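Numbering (the numbering used here), first residue to last: 56 to 101.
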């Protein structure tokens, strides 16, 4: 029986990158959606 060693995947996977502007836009979108949901249920808005 032969022993096999897999030492890598053979592909470069870049580091995930997000800009501050993208982060702020995403967070603000989530807050808007969450506030709309909370307004319907009578919960305190964020």
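For glycine and all other residues, C-beta sits at the position ideal for the given N, C-alpha and C. Everything numeric in this text was worked out from a predicted model, so none of it was measured.
Check	Outcome
Indicate whether residue 78 and residue 90 have their beta-carbon atoms separated by less than 9 Å.	no
Short check: CB of residue 92 to CB of residue 99, under 9 Å?	no
To test your reading of the DSSP string, which unbroken alpha helix (DSSP H) runs of 4 or more residues are found completely within the region 67-96?	75-96
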